[in-house]
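Colleague:
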Amino acid sequence: MHVDLITLYFLAIGTLLASSAMTFWEHRTHPARSRQLRILAAGYATLALGCAAASFRRDLPGAWGAATSNLIIVSGYLLILHGVASLNGRQHGRASAGILVALALTWALGGGRWLELIWSYASAVPIAIACALTSRELLIRSGGTGLQARRIAALVSGAHALFYAARAFVLPWLVTSFGHGVLLVVGKITMYEGVLYSVVLPMTLLRLVRDESHGQLVHESNTDYLTGVGNRRWFFEEGARIVRDVGASRPVAVLAVDLDHFKAINDRHGHQAGDDVLKSFATIARNVLGPHATLARIGGEEFAAVLHDHDGVRGQAAGESVVRRFAEAAVQGADGAVIRATASIGLAVSDTHAPSLGVLLASADQALYRAKSLGGNRLERAMPAHRDEVAAHPSPTHEAHR
Numbered sequence: 011m012h013v014d015l016i017t018l019y020f021l022a023i024g025t026l027l028a029s030s031a032m033t034f035w036e037h038r039t040h041p042a043r044s045r046q047l048r049i050l051a052a053g054y055a056t057l058a059l060g061c062a063a064a065s066f067r068r069d070l071p072g073a074w075g076a077a078t079s080n081l082i083i084v085s086g087y088l089l090i091l092h093g094v095a096s097l098n099g100r101q102h103g104r105a106s107a108g109i110l111v112a113l114a115l116t117w118a119l120g121g122g123r124w125l126e127l128i129w130s131y132a133s134a135v136p137i138a139i140a141c142a143l144t145s146r147e148l149l150i151r152s153g154g155t156g157l158q159a160r161r162i163a164a165l166v167s168g169a170h171a172l173f174y175a176a177r178a179f180v181l182p183w184l185v186t187s188f189g190h191g192v193l194l195v196v197g198k199i200t201m202y203e204g205v206l207y208s209v210v211l212p213m214t215l216l217r218l219v220r221d222e223s224h225g226q227l228v229h230e231s232n233t234d235y236l237t238g239v240g241n242r243r244w245f246f247e248e249g250a251r252i253v254r255d256v257g258a259s260r261p262v263a264v265l266a267v268d269l270d271h272f273k274a275i276n277d278r279h280g281h282q283a284g285d286d287v288l289k290s291f292a293t294i295a296r297n298v299l300g301p302h303a304t305l306a307r308i309g310g311e312e313f314a315a316v317l318h319d320h321d322g323v324r325g326q327a328a329g330e331s332v333v334r335r336f337a338e339a340a341v342q343g344a345d346g347a348v349i350r351a352t353a354s355i356g357l358a359v360s361d362t363h364a365p366s367l368g369v370l371l372a373s374a375d376q377a378l379y380r381a382k383s384l385g386g387n388r389l390e391r392a393m394p395a396h397r398d399e400v401a402a403h404p405s406p407t408h409e410a411h412r
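Per this note's numbering, the very first residue in the sequence shown carries number 11; after that it's consecutive.
1) Answer yes if the segment 140–158 comes into contact with the segment 221–232, meaning at least three C-beta pairs across the two stretches below 8 Å, and no otherwise.
2) Let's test the definition: count the other Cβ atoms within 10 Å of the Cβ of W183 and tell me whether it reaches 16, buried, or not, exposed.
3) For V298, which residues from the same chain have a beta carbon less than 7 Å from its beta carbon, with the 5 sequence-adjacent residues on both sides left out?
4) Kindly confirm or deny that the segment 289–308 and the segment 226–246 touch, where touching means at least three C-beta pairs closer than 8 Å.
5) Quick check: the segment 51–68 against the segment 79–92, are there 3 or more CB pairs under 8 Å?
6) By the 10 Å Cβ neighbour count, where 16 or more other Cβ atoms means buried, how is N80 classified, buried or exposed?
7) Grouping DSSP H, G and I as helix and E and B as strand, with all else coil, what is S259?
8) Quick check: L261 and V369, are their CB atoms within less than 7 Å of each other?
9) In chain order, what are the residue ranges of uninterrupted beta strand (DSSP E) at least 3 long that sit wholly in the segment 227–284?
10) Could you check where the beta strand (DSSP E) with V316 kicks off and where it finishes?
11) Beta-carbon within less than 6 Å of V264's beta-carbon, same chain only, minus the 5 sequence neighbours each way: which residues are those?
12) Inspect the CB distances between the segment 209–218 and the segment 163–181 and report whether three or more fall short of 8 Å.
13) Which residues share a DSSP beta bridge with S5?
14) Give me the Cα-Cα distance between A114 and L127, rounded to the nearest whole angstrom.
15) Where does the unbroken beta strand (DSSP E) through A76 begin, and where does it stop?
16) Thinking just about the alpha-carbon of each residue, which of A295, Q282, N241, I294 is nearest to the one in G309?
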C-alpha cells in the first residue's frame, strides 16, 4: 500500500497527540510522578505541534517556516529529555537552553542562504543530541524496578539519536553519491521511524512509571511503617528463601533481638518516646549490619535479622556491635529527658545440616532468653542443637512470636 508523505505527517501528529493525552491522563493516577508525566505529555504535544508546523513551513516567507517548525520540534525533544531526567532527579536546563540558542543562531545566520541544507542536515544535529542525552539518562539507573522498560526506552531513544546523526553526517554523502532522490526516500523513512518512536517511547515510559509505582507498593507492603525496616511477613518469606538457597553451601547467621525493659520506657516517657527508641534501634542496626542484611521488626519491640555468609565469628561481631552502638546512643524524650536503652540478642548459625529459618530462629530465641536472664545488654550464642531437639523445646520468646 502506498502512503504519501502528508499521510505520514498526519499519522505522526495523531500518535503524538494520543501519546500526550494518555501520558497526561496517567499523571492523575501516579501522584509521585505527576510532574514528570506532565512534562513528557507537554513534550509529545510540542512535537506534534512542530510536525504540524513543518507540513506548512513553505507557506511562510524565507526561512521563517522551517526555522520555526525546527525550533518547536527540538523544544519537544528537549522537554522529553527534561521529563526523563526528572525521573532521576536531574535536569539539563543549561544544555537545553544552549542547544536552542545555537539552533536559533544557525537559522538566523544561515537560513537565508542555506535553507535546504540546514533543514535537511544541520537541523538533525540537536535532535540527535537531545535523544542521545535522553538515552543516557535512562541508562544511569541500572537497578531497581522498571529495569526492562528503561532498557527498551533507552534503546528506542538511542536508535532515534543514531538515525538523526546519520541524517546529519551520512545523508549528505549519500545525496552526493546517488542524487537528490535519496532525500525523498529518507524523508519517508524518517516519518515511518518517527511514528514508531512516537508510539513505542511513550508506551515504554508509561510502563516504566507503572512498574515503579508497583514496586513502591510492594516495598510499602513489606516494610514496617514505623521503623522503615522489613515487616514480619517479609522477614519470614525472604529469610526462608535465603536460608534455603545458601544455607546448604555457606553459613547463615540469624539474630533474634529484644529491647530491654521497653515497657518501662513507654510507661515512664510515653509511647512517642518508645517509638523514637524503636526507630533509633532500627537505624543503628541497619547501619551496622549493612544493606544486604535481612532486617525486620517482627513484634512490638522484637527484631530479627538474617545475615548470609556470616559464620559464628562474623555473626557475633556484628551482633555485639549492634548491642554496643545502641547502648551508647541516646534518644531525647518529649519531656526533655535523655533516654538510654539497651538490647539483648540471641545468635544462631547454620551448620552443614542447613536447618530451616524456623529452626534457626528458635535456637536464636533460646539464646536471646538466656541473654535477658543474664541481665540483658548482651549477645548470647545458641548452643548446638539438632532440628528435632529445637522443635521439641521451643523457647518462650519464640512461642510469644506465634
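Glycine included, every Cβ here is placed at the ideal spot set by N, Cα and C.
Modeller: Short version:
1) Counting Cβ pairs under 8 Å, three or more are found: they touch.
2) In the sequence shown, counting from the first residue as 1, residue 183 sits at position 173. W183 should be labelled exposed.
3) As a position in the sequence shown, residue 298 is number 288, starting the count at 1. Same-chain partners within the cutoff: A328, S331, V332, R335.
4) Yes, they touch.
5) yes
6) Residue 80 sits at position 70 when you count from the first residue of the sequence shown. N80 is buried by the Cβ-count criterion.
7) Taking the sequence shown and counting its residues from 1, one reaches residue 259 at position 249. Looking at S259 - three-state DSSP - the assignment turns out to be coil, as it is neither helix nor strand.
8) Taking the sequence shown and counting its residues from 1, one reaches residue 261 at position 251. Taking the sequence shown and counting its residues from 1, one reaches residue 369 at position 359. The identity of residue 261 in the sequence shown is Pro, whereas the question assumes Leu. Taking the C-beta atoms as reference points, V369 is found no nearer than 7 Å to P261.
9) If one requires a minimum length of 3 residues, the beta strand (DSSP E) runs lying completely within the segment 227–284 are 262–269, in chain order.
10) Here residue 316 is taken as the residue at index 306 of the sequence shown, counted from 1. Element bounds for V316: 312–318.
11) By 1-based counting over the sequence shown, the position of residue 264 is 254. Residues V316, A358, L370, L371, A374 of the same chain have their beta carbon placed closer than 6 Å to that of V264, with the five preceding and five following residues left out of the count.
12) Verdict: yes, contact present.
13) The structure shown does not extend to residue 5, since the chain is modelled only from 11 through 412, so no value can be given for it.
14) The residue labelled residue 114 in the question sits at position 104 within the sequence shown. The residue labelled residue 127 in the question sits at position 117 within the sequence shown. Near 15 Å, if we compare the C-alpha coordinates of L127 and A114.
15) Within the sequence shown, residue 76 is the residue found at index 66, counting from 1. No beta strand (DSSP E) holds A76; the alpha helix (DSSP H) holding it covers 74–97.
16) In the sequence shown, the residue the question calls residue 309 occupies position 299. Of the candidates A295, Q282, N241, I294, the one whose C-alpha sits nearest the C-alpha of G309 is N241.
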